[in-house]
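Written out below as C-alpha cells is the structure these notes cover.
Number of protein chains: 2
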Amino acid sequence: MYRTHHCGELSLDHLNQTVTLSGWVQKSRNKGFIIWADLRDRYGITQLVFDEERTPKTVFEQAQNLGREFVIQIEGTVIERESKNPHMTTGAIEVLVEKLSLLNASQTPPFTIEDKTDGGEELRMQYRYLDIRRNPVKEKLIFRSQVAMTVRNYLSKAGFIEVETPYLIKSTPEGARDFVVPSRMNEGQFYALPQSPQTFKQLLMVGGMDKYFQIVKCFRDEDLRADRQPEFTQIDCEMAFVEQEDILNQFEGLTQALLQTIKGIEPKAFPRISYEEAMRKYGNDKPDIRFGMTFAELNDLAQGKGFGVFDSQALIVGIAVPDAAEMSRKEIDALIDWVKRPQIGANGLIWVKCNADGSYKSSVDKFFNEADLAAWAQRCEAKAGDLLLVLSGAVNSTRTQMSALRMELAERLGLRNPNEFAPLWVTDFPLLEWDEESRRYHAMHHPFTAPKPEHKELLKTDPGAVKANAYDLVLNGNEIGGGSIRIHDQQLQSEMFDLLGFSKEEAQAQFGFLMNAFQYGAPPHGGIAFGLDRLVAILGGEETIRDFIAFPKNNSGRDVMIDAPAPLDAQQLHELALQSTAPPKE
Amino acid sequence: MYRTHHCGELSLDHLNQTVTLSGWVQKSRNKGFIIWADLRDRYGITQLVFDEERTPKTVFEQAQNLGREFVIQIEGTVIERESKNPHMTTGAIEVLVEKLSLLNASQTPPFTIEDKTDGGEELRMQYRYLDIRRNPVKEKLIFRSQVAMTVRNYLSKAGFIEVETPYLIKSTPEGARDFVVPSRMNEGQFYALPQSPQTFKQLLMVGGMDKYFQIVKCFRDEDLRADRQPEFTQIDCEMAFVEQEDILNQFEGLTQALLQTIKGIEPKAFPRISYEEAMRKYGNDKPDIRFGMTFAELNDLAQGKGFGVFDSQALIVGIAVPDAAEMSRKEIDALIDWVKRPQIGANGLIWVKCNADGSYKSSVDKFFNEADLAAWAQRCEAKAGDLLLVLSGAVNSTRTQMSALRMELAERLGLRNPNEFAPLWVTDFPLLEWDEESRRYHAMHHPFTAPKPEHKELLKTDPGAVKANAYDLVLNGNEIGGGSIRIHDQQLQSEMFDLLGFSKEEAQAQFGFLMNAFQYGAPPHGGIAFGLDRLVAILGGEETIRDFIAFPKNNSGRDVMIDAPAPLDAQQLHELALQSTAPPKE
Numbered sequence: 001m002y003r004t005h006h007c008g009e010l011s012l013d014h015l016n017q018t019v020t021l022s023g024w025v026q027k028s029r030n031k032g033f034i035i036w037a038d039l040r041d042r043y044g045i046t047q048l049v050f051d052e053e054r055t056p057k058t059v060f061e062q063a064q065n066l067g068r069e070f071v072i073q074i075e076g077t078v079i080e081r082e083s084k085n086p087h088m089t090t091g092a093i094e095v096l097v098e099k100l101s102l103l104n105a106s107q108t109p110p111f112t113i114e115d116k117t118d119g120g121e122e123l124r125m126q127y128r129y130l131d132i133r134r135n136p137v138k139e140k141l142i143f144r145s146q147v148a149m150t151v152r153n154y155l156s157k158a159g160f161i162e163v164e165t166p167y168l169i170k171s172t173p174e175g176a177r178d179f180v181v182p183s184r185m186n187e188g189q190f191y192a193l194p195q196s197p198q199t200f201k202q203l204l205m206v207g208g209m210d211k212y213f214q215i216v217k218c219f220r221d222e223d224l225r226a227d228r229q230p231e232f233t234q235i236d237c238e239m240a241f242v243e244q245e246d247i248l249n250q251f252e253g254l255t256q257a258l259l260q261t262i263k264g265i266e267p268k269a270f271p272r273i274s275y276e277e278a279m280r281k282y283g284n285d286k287p288d289i290r291f292g293m294t295f296a297e298l299n300d301l302a303q304g305k306g307f308g309v310f311d312s313q314a315l316i317v318g319i320a321v322p323d324a325a326e327m328s329r330k331e332i333d334a335l336i337d338w339v340k341r342p343q344i345g346a347n348g349l350i351w352v353k354c355n356a357d358g359s360y361k362s363s364v365d366k367f368f369n370e371a372d373l374a375a376w377a378q379r380c381e382a383k384a385g386d387l388l389l390v391l392s393g394a395v396n397s398t399r400t401q402m403s404a405l406r407m408e409l410a411e412r413l414g415l416r417n418p419n420e421f422a423p424l425w426v427t428d429f430p431l432l433e434w435d436e437e438s439r440r441y442h443a444m445h446h447p448f449t450a451p452k453p454e455h456k457e458l459l460k461t462d463p464g465a466v467k468a469n470a471y472d473l474v475l476n477g478n479e480i481g482g483g484s485i486r487i488h489d490q491q492l493q494s495e496m497f498d499l500l501g502f503s504k505e506e507a508q509a510q511f512g513f514l515m516n517a518f519q520y521g522a523p524p525h526g527g528i529a530f531g532l533d534r535l536v537a538i539l540g541g542e543e544t545i546r547d548f549i550a551f552p553k554n555n556s557g558r559d560v561m562i563d564a565p566a567p568l569d570a571q572q573l574h575e576l577a578l579q580s581t582a583p584p585k586e
Numbered sequence: 001m002y003r004t005h006h007c008g009e010l011s012l013d014h015l016n017q018t019v020t021l022s023g024w025v026q027k028s029r030n031k032g033f034i035i036w037a038d039l040r041d042r043y044g045i046t047q048l049v050f051d052e053e054r055t056p057k058t059v060f061e062q063a064q065n066l067g068r069e070f071v072i073q074i075e076g077t078v079i080e081r082e083s084k085n086p087h088m089t090t091g092a093i094e095v096l097v098e099k100l101s102l103l104n105a106s107q108t109p110p111f112t113i114e115d116k117t118d119g120g121e122e123l124r125m126q127y128r129y130l131d132i133r134r135n136p137v138k139e140k141l142i143f144r145s146q147v148a149m150t151v152r153n154y155l156s157k158a159g160f161i162e163v164e165t166p167y168l169i170k171s172t173p174e175g176a177r178d179f180v181v182p183s184r185m186n187e188g189q190f191y192a193l194p195q196s197p198q199t200f201k202q203l204l205m206v207g208g209m210d211k212y213f214q215i216v217k218c219f220r221d222e223d224l225r226a227d228r229q230p231e232f233t234q235i236d237c238e239m240a241f242v243e244q245e246d247i248l249n250q251f252e253g254l255t256q257a258l259l260q261t262i263k264g265i266e267p268k269a270f271p272r273i274s275y276e277e278a279m280r281k282y283g284n285d286k287p288d289i290r291f292g293m294t295f296a297e298l299n300d301l302a303q304g305k306g307f308g309v310f311d312s313q314a315l316i317v318g319i320a321v322p323d324a325a326e327m328s329r330k331e332i333d334a335l336i337d338w339v340k341r342p343q344i345g346a347n348g349l350i351w352v353k354c355n356a357d358g359s360y361k362s363s364v365d366k367f368f369n370e371a372d373l374a375a376w377a378q379r380c381e382a383k384a385g386d387l388l389l390v391l392s393g394a395v396n397s398t399r400t401q402m403s404a405l406r407m408e409l410a411e412r413l414g415l416r417n418p419n420e421f422a423p424l425w426v427t428d429f430p431l432l433e434w435d436e437e438s439r440r441y442h443a444m445h446h447p448f449t450a451p452k453p454e455h456k457e458l459l460k461t462d463p464g465a466v467k468a469n470a471y472d473l474v475l476n477g478n479e480i481g482g483g484s485i486r487i488h489d490q491q492l493q494s495e496m497f498d499l500l501g502f503s504k505e506e507a508q509a510q511f512g513f514l515m516n517a518f519q520y521g522a523p524p525h526g527g528i529a530f531g532l533d534r535l536v537a538i539l540g541g542e543e544t545i546r547d548f549i550a551f552p553k554n555n556s557g558r559d560v561m562i563d564a565p566a567p568l569d570a571q572q573l574h575e576l577a578l579q580s581t582a583p584p585k586e
C-alpha cells in the first residue's frame with residue numbers, strides 16, 4: 001500500500017500515529033542537521049522532517065538528495081510543529097520520517113509548480129501535465145467535474161435521460177465548418193463530426209424520449225477567435241410536449257440549482273427581457289446586468305436645439321456613469337479617444353457632469369441650457385455626482401459603440417464583480433437576419449427554429465419582422481445557453497427551407513432524414529444547449545476557458561503537448577484512398 | 001401547457017378529475033357509437049374513450065379519423081373502466097374525452113410500434129426514431145442512462161474526478177485502425193480520433209490527478225465483426241499510488257454497486273483466477289462460470305492404455321455434462337459432428353456415460369475398463385447420471401475446442417441464465433505474445449503495461465514467460481473490463497519499446513510526449529477500462545449491444561438512417577487540400 005493518508009488530512013488528531021504518505025517533493029530546506037521537505041499530492045501538502053538525531057542515517061542521507069518533483073513514499077510519525085502555520089490544514093503537524101523510498105526521480109521542471117508560476121502560456125501548454133499539478137489548474141478541473149455532476153444529478157432527478165448520440169455523422173449544409181473523417185471501409189466516403197447533436201436530439205423527440213440531455217463534445221473547424229476551441233463541450237437538452245415557458249422554467253431551475261450548489265446563492269427568479277429591449281437598453285443581446293448604466297434615448301430631448309451633430313442622427317443615447325462627475329478633463333479626453341479608436345469607431349462623445357450641487361456642466365453648454373441637461377439626467381436616471389456620456393449616430397452602430405463603452409467603464413470602475421452572478425433570459429429573437437452579401441435571409445438561430453405562432457402569416461409578407469420562440473440564457477454578459485422551440489410541422493419546415501434559399505433537392509439531401517421523420521408524428525418540442533466550458537469559467541469567476549479544459553488547443557487549433565495535428569505517412573493516406581495536395585513543409 | 005399528467009400515471013385515485021394528456025395514438029377501436037383509443041407517451045398508455053352520447057359531436061367526428069401514431073392532445077375526465085386490465089398501471093381507468101386537438105398527423109409507420117414488431121433489422125435501423133418508440137428499445141436506452149449515472153455517482157463518491165480528454169489527438173503506432181481528421185487550419189495535417197484516452201489518462205496521473213474517470217466515446221476504423229461498432233463507449237479509469245490489489249478492490253466495489261443498484265444483487269467477493277488457471281480450467285480467458293463443466297486433464301489416467309489416439313497427444317481433457325448420461329446415441333453423434341465442423345476443428349469426441357447405477361459405458365470401452373473410467377469421472381467431478389466428453393490434441397487448440405463445446409452445451413442445456421450474474425477477475429496475463437508472422441513480440445495488453453516486479457529480470461532472458469500486472473473483469477463469459485498497472489519508469493518503458501521492436505526514433509515520434517512526461521516524476525499508477533455498451537447489454541440480460549445504442553451503425557460502419565458516410569463535394573475536398581483516389585461509384 002502506497003499510503004495510509006493523503007497529504008491534506010493530517011492534524012493534531014493524528015499525533016504520534018505512524019503514517020505512510022506518497023507524493024511529490026514540493027521543496028526542501030536543508031539546515032545541515034535538519035531537513036524539511038514539503039510533500040504534495042492532489043489533496044494538500046504535509047511537512048516532512050528529517051533530523052540528524054532521530055532519523056535513520058541512510059534515510060537522512062537520501063533526504064539530502066531529494067530534488068523538486070521527486071516522487072517519494074515515506075513512513076513516519078506525526079509530531080507537533082514548533083512553529084505552526086495556521087493557513088494550512090496540516091499546518092500544526094509535521095511527519096518525522098523513518099523510512100523513505102524513492103518512487104521516481106524528476107528532472108528540474110521547466111517552470112515552478114506553484115500557484116503563481118514563472119512559466120509562460122506556451123511553455124505551460126507544452127508541459128500541461130506539469131501545469132495540472134499546480135493548484136489553480138487542478139482546482140479548475142475538479143470544479144468542472146463538480147459542475148457537470150450537479151447538472152447530471154439535477155436533470156436525472158427531473159426525469160431527463162442522458163442519451164449518447166453518434167460522433168460519426170453526416171456533413172451538414174453549414175458543412176464548411178465540419179471536421180470530416182474519411183472512412184476506410186467505405187472508400188471515398190466521409191463522416192463528419194457533429195457541430196452539435198441538434199438533429200439527433202430532435203429525432204429522439206420524434207422517438208418519444210421526451211426529456212433528453214447529454215454532456216457532449218462538439219466540433220467546429222473554423223478560424224479560432226481568442227478563447228475558442230475546435231472541440232468544445234455542450235450540455236445539450238431537448239423536451240417534447242412543451243412550450244417556451246416550460247423550457248425557461250426547467251432550465252432556470254437547473255441554473256438556480258447550479259448557483260446554489262456550487263456558489264451557495266439562494267434561488268431568485270431570473271429577469272426576462274426581449275431581444276428588442278436588450279438592444280434598446282444595453283445595445284447588446286447578452287447584457288451584463290450586474291451594474292446599471294442602462295441606455296436612455298434622448299432624441300426628443302436633444303434634437304431641434306441647434307446642435308447640428310445631433311439633429312441629423314437616427315439615435316442619441318446616453319448613460320449615467322455612477323459617481324464619475326469628478327472625472328478630470330484628462331480622463332474624459334482619454335475616454336473620448338477610446339471611443340474614437342477604429343475598434344469602436346464613434347465620431348465623438350458628449351459629456352455632462354451632474355454636479356453635487358445640482359448644477360450641470362457639459363461639453364455642449366453652447367447648445368443646451370441647465371433645464372435641457374436636467375431633462376437628460378432625469379431620462380438617464382442620473383443622480384447628483386454622476387457623469388452622463390452621450391453618443392449619437394445610426395441606430396445599430398451607436399448602440400454597439402455605447403455597449404462597448406458601458407462595458408469598458410464597468411471594467412474600469414470595478415463593477416464586474418466575478419463573485420456576483422446576474423443571470424437573465426433574453427427572448428423573442430428575430431427568426432431571420434438579412435445577409436447583404438448573399439442577398440438572402442439566414443436563420444438567426446438555426447433552420448429548425450419555430451416562428452412565434454402569431455407571426456406565421458408574416459413569414460409570407462415580411463419575413464424580417466418575424467420573431468422566433470428563441471431564447472438565450474445570459475450570465476454576467478456572456479451567453480451561456482441558447483435554444484428555441486422547433487418547427488415540428490413538415491409543411492412549415494419546408495417553407496422555412498424555401499425562405500433560407502435551400503432548393504428542394506438541397507433540403508432533401510441534407511435534412512431528408514429529419515423531414516422524413518417529421519412525417520411520422522413529430523411532437524411539439526424545443527430545447528436548449530449550454531456551453532459547458534464557458535459556463536464553468538464564469539461560475540469559476542474567470543473570463544477565459546482554457547484553464548478549465550484539461551488539454552486545450554492553442555489559437556491555431558494545435559495541441560502543442562502532443563504536437564497534433566501532424567502529417568500522415570503515405571501508406572495511411574493510400575489506405576484512405578486520399579492524396580494530399582498541400583505543398584510539402586519546409 | 002400540453003399535459004397535466006403523463007400516460008403512465010392515472011389510476012382510480014384520479015377519478016372524476018379533469019386531465020390533459022398528450023401523446024401518440026397507439027391504436028383505436030371504433031364500435032360505431034363508441035371509440036376507444038390507446039394514447040401512448042414515454043411513460044405508458046392510457047385508454048381514451050369517445051362516446052356518441054357524452055363526447056361533443058365535433059370531437060367524436062375528429063376521433064373517427066385518428067390514425068396510428070397521430071400526435072394528439074386531449075382534455076377529459078378520468079372515469080372507471082367497466083372491464084379493467086390488471087396488467088396495466090392505468091388499467092382501472094379510462095379518460096372520457098371532451099376536447100381533442102390534433103398536434104400532428106402521421107403516415108402509417110413502416111412497421112408496428114409494438115413490443116414485438118413486424119419490422120426487420122434493416123428497416124428498424126432506417127427508421128430508428130420509430131424503433132425508439134417501442135418499449136424494448138426505449139427501455140434499453142433508459143437502462144443505459146441509469147447504469148451510467150450509477151457509475152458516475154459511485155466513482156464521484158469515491159473521490160474520482162471526471163476529466164474530459166481531447167477527441168482530436170495524434171495518430172498512434174497502431175494507427176492503422178485510427179480514424180483520422182484532416183485539419184483545415186493546418187493544411188496537409190491530420191488529427192486522429194482516440195482509440196482510447198490511454199496516454200491522456202496516464203498524463204493526468206503524472207499531473208497528480210490521482211483518481212480519474214471518464215465515460216467517453218472511442219473510435220476504431222476496422223473491419224467490423226458482428227456486434228462491434230466503429231464508435232463505442234468506455235468507462236475509462238486510472239489511479240495513482242496504487243497497486244493491483246487497490247484497483248481490483250476499487251472496481252470490484254463499483255461492479256458490486258452496479259449489480260446491487262441495478263439488479264438488487266447482494267455484494268459477494270468476486271473469485272479471482274490466473275490467466276493460466278482460466279486457460280487450464282475453461283480453455284478461455286473469459287470463462288462463463290455460471291455453470292460448471294470445468295476441464296479435467298486426464299493425460300496421466302488415459303495415456304499408456306493402448307488407445308493410440310490419446311497416447312500421441314499433448315493434452316487429453318474432459319468435462320462432465322450434468323445429467324446428460326441419458327443422451328441418445330443420435331444426440332451424441334450430433335455433438336461429435338458439431339465438434340468436427342471446420343469452425344471447431346476437432347478430430348473426434350470420446351464420451352463416457354456415468355450411469356445412474358454406478359456403471360460406465362463409453363465409446364472407448366475397448367481400451368479402458370470401468371476402473372479407468374471411474375478415475376476419469378472422479379477427476380471430472382462427475383456424478384452418476386452425468387456424461388463425460390473428452391477431447392485430445394495440441395494444448396491450445398484442444399482447449400479452444402473444449403471451451404467452444406462447453407459453451408455450446410451450456411446454451412443447449414439452458415445453463416446461461418441471463419438473470420444470473422457471475423463476475424470474476426482473471427489476473428496474471430502474459431506481458432507479451434509472440435507473433436509468428438512478424439517474428440516479434442506484441443504487447444498482449446498495450447505497450448505501457450508493467451511486468452510483474454519479480455519478473456523484471458526475465459524480460460532479458462525469457463520475455464515470453466514474463467507475467468504482467470494485468471487483469472480482466474469477466475462477467476458471464478464476456479470481458480467487461482480490462483486494465484493493468486502501468487510502467488512509470490522511463491528506463492523500463494524504453495526497454496519495453498525495444499522488445500516490441502520500436503526503434504528509438506519510432507518510440508520518440510509516437511510516444512515522445514509520454515516519455516518526456518515520465519522524466520518529471522511519474523507516480524506509480526494503473527487503471528482499467530470497461531466497455532459500457534457490452535456491460536449494459538449483459539446487465540440487461542442480452543447478448544447483443546445494438547439496441548442499447550440509440551443510433552448504432554451497421555456491420556459496414558454505416559448509419560442507414562442518415563446515410564453516412566457519404567462522398568464530399570469537390571469544394572470541401574479542395575479546402576482540405578485533399579484529392580480522393582477512390583474510383584467513382586456507379
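Sequence order for the protein chains is A and B. Numbering (my numbering) for the first sequence: 1 to 586. Numbering (my numbering) for the second sequence: 1 to 586. Glycine included, each C-beta is placed from N, C-alpha and C at the ideal position.
- Query: Which two residues bound the contiguous alpha helix (DSSP H) that contains Met293 of chain B?
  - Reply: Sequence index remark: in the second sequence, residue 293 of chain B carries index 293 (1-based). That residue, Met293 of chain B, is in no alpha helix (DSSP H); it is neither H nor E in DSSP.
- Query: Counting contacts by CB-CB distance shorter than 7 Å, is Lys383 of chain B in contact with chain A?
  - Reply: Residue numbering aside, residue 383 of chain B sits at position 383 when the second sequence is read from its first letter. No, no contact with chain A.
- Message: Need the endpoints of the beta strand (DSSP E) that Ile273 of chain B sits in, please.
- Response: Looking up residue 273 of chain B in the second sequence gives position 273. Its beta strand (DSSP E) spans residues Arg272 to Ser274.
- Taking C-beta pairs closer than 7 Å, name the residues in chain C that Ile142 of chain B reaches, listed in chain order. Checking the listed chains, one finds no chain C in this structure; the protein chains it contains are A and B.
- Start and end residues, beta strand (DSSP E) containing Arg406 of chain A: On the first sequence, residue 406 of chain A is found 406 positions in, with the first residue counted as 1. Arg406 of chain A -> not in any beta strand (DSSP E); alpha helix (DSSP H) instead, spanning Val395 to Arg412.
- Using the rule of at least 16 other Cβ atoms within 10 Å of the residue's Cβ for burial, across every protein chain shown, is Lys31 of chain B buried or exposed? Within the second sequence, numbered from 1, the residue matching residue 31 of chain B stands at position 31. Lys31 of chain B comes out exposed.
- Message: Is it the case that the region 429-443 of chain A contacts the region 463-475 of chain A, given that we only count it when at least three CB pairs across the two stretches are under 8 Å?
- Response: Yes, the region 463-475 of chain A touches the region 429-443 of chain A.
- Query: Taking Cβ positions only, does Tyr471 of chain A come closer than 7 Å to chain B?
  - Reply: Numbered from its first residue, the first sequence carries residue 471 of chain A at position 471. Output row for Tyr471 of chain A: interface = no.
- Own chain residues within Cβ distance below 8 Å of Tyr127 of chain A, not counting five before or after: Numbered from its first residue, the first sequence carries residue 127 of chain A at position 127. Here the set comprises Pro109, Pro110, Phe111, Gly119 and Met561.
- Could you check how far apart the C-beta atoms of Val317 of chain A and Met402 of chain A are, in whole angstroms? I think they sit under 8 Å. Sequence index remark: in the first sequence, residue 317 of chain A carries index 317 (1-based). Sequence index remark: in the first sequence, residue 402 of chain A carries index 402 (1-based). Their Cβ separation, rounded to whole angstroms, is 5 Å, which keeps Val317 of chain A and Met402 of chain A in contact under 8 Å.
- Starting from Thr581 of chain B, find everything on chain A with Cβ-Cβ shorter than 7 Å and list it in chain order. Position 581 of the second sequence, counted from the first residue, corresponds to residue 581 of chain B. Within chain A, the C-beta atoms nearer than 7 Å to that of Thr581 of chain B come from Ala577, Leu578 and Gln579, in chain order.
- Message: Among A:Val59, A:Ile485, A:Leu499 and A:Pro342, whose alpha-carbon lies nearest the alpha-carbon of Thr461 of chain A?
- Response: If you number the first sequence from 1, residue 461 of chain A lands on position 461. It is A:Leu499.
- Query: In three-state terms, what does DSSP make of Val163 of chain A?
  - Reply: The residue given as residue 163 of chain A occupies position 163 in the first sequence. DSSP places Val163 of chain A in coil when its eight states are reduced to three.
- Item | Reduced DSSP secondary structure (H/G/I, E/B, other) of Glu586 of chain B | Within the second sequence, the letter at position 586 stands for residue 586 of chain B. Because the pLDDT of Glu586 of chain B is 48, which lies under 50, any placement of that residue in the model is unreliable, and the number read from its coordinates should be weighed accordingly. Under the three-state reduction of DSSP output, Glu586 of chain B falls in the coil class, being neither helix nor strand.
- Query: Mind checking whether Phe270 of chain A and Glu252 of chain A have CB atoms under 7 Å apart?
  - Reply: Indexing the first sequence from 1 puts residue 270 of chain A at position 270. Indexing the first sequence from 1 puts residue 252 of chain A at position 252. Against a cut-off of 7 Å, the Cβ pair of Glu252 of chain A and Phe270 of chain A comes out as a contact.
- Looking at the structure shown, is Phe232 of chain B part of a helix, part of a strand, or coil, going by DSSP? Residue mapping note: residue 232 of chain B aligns to position 232 of the second sequence, counting from 1. The answer is strand: DSSP assigns Phe232 of chain B an E or B state.
- Message: If I follow the unbroken alpha helix (DSSP H) through Asn65 of chain A, where does it start and stop?
- Response: Locating residue 65 of chain A in the first sequence gives position 65, where the first residue counts as 1. No alpha helix (DSSP H) contains Asn65 of chain A, which DSSP labels as neither H nor E.
- Going by alpha carbons, who is nearest to Gly308 of chain B out of B:Trp351, B:Glu297 and B:Phe367? Against the second sequence, residue 308 of chain B aligns to sequence position 308. Comparing Cα positions, the closest option is B:Phe367.
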